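Student:
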Amino acid sequence: MKAKKVLSGALAAILLTLTPGVAVCAEEMAGQEQTENAEVLSAQEQENQEKAASYAEKIDTNEISNWPQGPAIYAASGIVMDMNSGAVLYAKKAEEKRYPASITKVLSVLTALQYAKMSDTVVFSEDSISFLQWDDAQIGMKPGEEINMESALYGMLLASANEVSYAVAENVGKQYLNGGYAEFIEEMNRISQELGCTSSNWVNANGLHDDNHYTTAHDMARIAAAAYQNEEFRRLETTLEYKVPPTNLTAEERILDQNHKMLWPENYYYYANAKAGKTGYTDQSKTTLVTMAEGNDMQLAAVVLHTYGVDAYTDTRSMYDYAFTNFERLNLRECETSSDIESFDKEDVYVVVPKGVSFSELEKEYVPNEKEGLRQAAVEYFYQGQPVGSAKATLTEEAFSALTGSDKKIKIESVKQEKKAEKSEQTEQKKLSKLTVVLALAVILPLGYIILVVILYKLNMRWRNRKK
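Going letter by letter, the sequence shown gives residues -25 to -1, 1 to 443 in mature numbering (1 follows the signal peptide of the UniProt record, and there is no 0).
1. Can you tell me which of the three DSSP states Ile430 falls into?
2. Identify which residue in Ser167, Glu169, Ala142 has its Cα closest to the Cα of Tyr156.
3. Would you identify the three-state DSSP class for Tyr243, choosing helix, strand or coil?
4. Just reading off the alpha helix (DSSP H) that Arg350 is part of, what are its end residues?
5. Starting from Ser318, trace the alpha helix (DSSP H) both ways and give me its first and last residue.
6. When DSSP labels each residue in this structure, what does Thr379 get in the three-state scheme?
7. For Asn41 and Ser140, what's the separation of their Cα atoms in angstroms?
8. Roughly how many whole angstroms lie between the Cα atoms of Tyr129 and Ala226?
9. Give the secondary structure of Gly360 by DSSP, where H, G and I count as helix, E and B as strand, and everything else as coil.
10. Note the first and the last residue of the continuous beta strand (DSSP E) segment covering Tyr217.
11. Give me the Cα-Cα distance between Lys67 and Glu38, rounded to the nearest whole angstrom.
12. Whose C-beta lies closer than 7 Å to the C-beta of Ser103 among residues of the same chain, with five residues either side of it excluded?
13. If you draw a straight line from the C-alpha of Tyr283 to the C-alpha of Ala249, how long is it?
14. Grab the span of the beta strand (DSSP E) containing Leu264 for me, first residue to last.
15. Does DSSP put Lys386 in a helix, a strand or coil?
16. Per DSSP, what kind of secondary structure is Gln204 in: helix, strand or coil?
17. Can you find the residues in the same chain that come closer than 6 Å, C-beta to C-beta, to His184, ignoring five residues on each side of it along the sequence?
18. Since Gly252 and Leu231 are thought to touch, with beta carbons under 8 Å apart, how far apart are those beta carbons, to the nearest angstrom?
19. In the DSSP assignment, what residue or residues form a beta bridge with Tyr129?
20. Please say whether Phe334 and Leu64 have beta carbons closer to each other than 8 Å?
21. Roughly how many angstroms separate the alpha carbons of Ser105 and Asn181, rounded to a whole number?
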């Protein structure tokens, strides 16, 4: 045994003597590995510290008097919002601007669905592919390749394909918006603002990082709610797997799988109430997630921004469990007895309140909407100062005129109507006058011509008689 040890030591000494570079190289590699491990540990420690700090931050809705206490979450921002009434049931820094990453594609698809047909052809330009980095989500499309719009939208929602998002925006912009990619982005911003998103700005269709591309959890919930009301969006987003048919440049099918883990029944993070959703990630945004779920006669959108990995799913589940357990909806047609309201504009109108809260405990405000027409208003309901839903309604004339400044609005509206009627009457009178003149001329001119001919004839006859 001793002889073997001596021999091994001698061989090691010979190797080190003959190949000193090997020892140095091994030492350098070991040092590099230690540095990398230290960096990984440092990054992990930083992430853990950030998560712990975020988890300890207050939940804004927990500050509301008599409001059910919601769970702590790891996400920097989070929200649960009823998609029909707009009631916010849970909120943590929901108005702070953050980077959305690929959940941007919910708005991109919603924008495309305002114009495109499923049978439209999407052609991939060089611009739609050249920007891609090796680690960007994509499905391997090539310049000149063509797929139909339906396949493209599946590519955006299921596979989160960035080149497909660009191509859809470019093609819809060219075909329907008299422009191209830039015009599509403008339309995204217009639709976003129309939905009430006051703290968002969109500069691309895929969500790849840009300092000027941002949203809030509340704005993203508004967008998710609008998208979920769209039948085509629901059909696309509730699909778990889709096969893109062979194309003009690719002979094989492309199989696309849903990335949202809460939608797969066999997945550990599956949530039975979840129906649709979209994932997102960039180095700057961290993990983002938007989810649409149904239960207890409610349709709820949940959004988490700036969280880490699967924490997005545990956060979302915690928020949903809290919301479905602690809230219920009250039907306005059954509960509202105010004589101020003549009628609601929709059949299914309701507010969402903490369980046990009666309708009589709510306060309401009328917000006149002149654009919608005379006596139209939004009726906004509050519990402890927190909005719990709103509905469009037609008010009685007395109620509308009793609003602050609304009697002026009625008078102004009446004056406008009177002026419009007066102007219309004047226009009709002018038209009638012109028509009378035309008819008079049509009668007078031929008659005058006949009279002139007769006079000339008589004068001619007199001249002839005198000559004789």
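Just so it is clear, CB atoms sit at the ideal spot from N, CA and C, and this is done for glycine as well.
Computed from a predicted structure; not experimentally measured.
Tutor: So, to answer that:
1. For the purposes of this step, residue 430 is taken as the residue at position 455 of the sequence shown. Residue state, collapsed to three classes: helix.
2. As a first step, residue 156 is located in the sequence shown; it is residue number 181 there, counting from the start. With distances taken between Cα atoms, Tyr156 lies closest to Ala142.
3. Locating residue 243 in the sequence shown gives position 268, counting from the first residue. The answer is coil: DSSP assigns Tyr243 none of H, G, I, E or B.
4. Residue 350 sits at position 375 when you count from the first residue of the sequence shown. No alpha helix (DSSP H) contains Arg350, which DSSP labels as neither H nor E.
5. As a working note, residue 318 is residue 343 in the sequence shown. In the DSSP assignment, Ser318 falls outside any alpha helix (DSSP H) and within the unbroken beta strand (DSSP E) covering 316 to 319.
6. In the sequence shown, residue 379 corresponds to position 404, counting from 1. Confidence at Thr379 is low in this model, with a pLDDT of 46, below 50, so the placement of that residue should be treated as unreliable; the coordinate-derived value is given next. Here Thr379 sits in coil by DSSP.
7. Here the question's residue 41 lines up with position 66 in the sequence shown. Here the question's residue 140 lines up with position 165 in the sequence shown. Cα to Cα, the separation comes out at about 44 Å.
8. In the sequence shown, the residue the question calls residue 129 occupies position 154. In the sequence shown, the residue the question calls residue 226 occupies position 251. About 19 Å.
9. Numbered from 1 along the sequence shown, position 385 holds the residue referred to as residue 360. Coil, per DSSP.
10. Taking the first residue of the sequence shown as 1, we reach residue 217 at position 242. From DSSP, the beta strand (DSSP E) with Tyr217 extends over 216 to 219.
11. Working through the sequence shown from its first residue, we reach residue 67 at position 92. Working through the sequence shown from its first residue, we reach residue 38 at position 63. Looking at the two C-alpha atoms, the distance is approximately 11 Å.
12. By one-based count along the sequence shown, residue 103 stands at place 128. Glu138, Tyr141, Ala142, Glu145.
13. Reading the sequence shown from its first residue, position 308 is the one you call residue 283. Reading the sequence shown from its first residue, position 274 is the one you call residue 249. C-alpha separation (whole angstroms): 20 Å.
14. By 1-based counting over the sequence shown, the position of residue 264 is 289. From DSSP, the beta strand (DSSP E) with Leu264 extends over 261 to 270.
15. Locating residue 386 in the sequence shown gives position 411, counting from the first residue. Its pLDDT being 38, under 50, Lys386 is placed unreliably by the model, and the measurement read from it follows with that caveat. Lys386 falls in the helix class under three-state DSSP.
16. As a first step, residue 204 is located in the sequence shown; it is residue number 229 there, counting from the start. Looking at Gln204 - three-state DSSP - the assignment turns out to be coil, as it is neither helix nor strand.
17. Residue 184 sits at position 209 when you count from the first residue of the sequence shown. Within the same chain, His184 has close Cβ partners Thr257, Gln259.
18. If you number the sequence shown from 1, residue 252 lands on position 277. If you number the sequence shown from 1, residue 231 lands on position 256. Rounded, the Cβ-Cβ distance is 15 Å, inconsistent with contact.
19. On the sequence shown, residue 129 is found 154 positions in, with the first residue counted as 1. According to DSSP, which records beta bridges pairwise, Tyr129 is partnered with nothing at all.
20. Position 89 of the sequence shown, counting from 1, holds the residue named residue 64. Position 359 of the sequence shown, counting from 1, holds the residue named residue 334. Result no, Cβ atoms of Leu64 and Phe334 do not sit closer than 8 Å.
21. Counted from its first residue, the sequence shown places residue 105 at position 130. Counted from its first residue, the sequence shown places residue 181 at position 206. Whole-angstrom Cα-Cα distance: 14 Å.
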